[in-house]
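To keep things clear, I will list the structure first and then write my remarks on it.
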Amino acid sequence: RRYVDDLLLVGEEDIERAILKLLEIEKTLVEGAGAAPLAAVLKYPDRFRGKCVGLVLSGGNLDPFVLVDIIKRGMVHAGRLARIHLDIRDVPGALAAITHIVAECGANIEDVSHQRAFTVLPAKSAELDVVLQTRDAAHVDEIVAALNAAGFRAQLHNQ
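Be aware that the sequence shown starts at 118, since it is given in our numbering, and climbs by one per residue.
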């Protein structure tokens, strides 16, 4: 009590964002507890604005699988990784047409899930989920618009 004026609470999502910022900007890996000071500054910027602030960043004991998840989730939040859902007619060339549009828009396909059986769509239809590497949220909107303009029913599905 003698040395502490205040405590700030941050959540898991705040800590993930701080870990990712440190990786992207400072090229520094810290564990969750070590990223908590930056998480507080990012969550409460008005408390620190105009002040000279030092942060103690410590510990690099972060499981590689957790790190991968943090990076992927951060890419989703930034619009750099997007999952687009399409209900398509299951005919030859449909998938090729979709991949052509995605390529023309300058995105890279990371994963495709093509489902014919486990769907409520009529026969000769399929559900398609395409995970794309994109530049940002505006780029995702451009891709969805291009797919819809070509007659595909496409929608962002990042939940």
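C-beta atoms are modelled at their ideal positions from N, C-alpha and C, and glycine is treated no differently.
Practice problem: Decide if Phe269 is buried, meaning its Cβ has at least 16 other Cβ atoms within 10 Å, or exposed. | Solution: buried
Quiz prompt | Start-end ranges of the beta strand (DSSP E) lying completely within the segment 221 to 257, minimum 3 residues | solution = The segment 221 to 257 contains these whole beta strand (DSSP E) runs: 225 to 232, 242 to 250.
Practice problem: Per DSSP, which residues does Arg164 bridge with? Please list them. | Solution: DSSP output for Arg164 lists no bridge partner at all.
Quiz prompt | Proximity to Glu133 [Cα-Cα], best of Leu124, Arg118, Tyr120, Ala157 | solution = Ala157
Quiz item: For Gly149, which residues of its own chain have a beta-carbon under 6 Å away from its beta-carbon, when the five flanking residues on both sides are left out?
Solution: Ile132
Exercise. On the DSSP bridge assignment, give the partners of Leu283 in chain order.
Key: What is shown of the chain runs 118 to 276, which leaves residue 283 out entirely.
Self-check item: Paired residues, beta bridge with Leu198 - DSSP
Solution: Gln250
Quiz item: Quick check: the segment 212 to 228 against the segment 161 to 170, are there 3 or more CB pairs under 8 Å?
Solution: no
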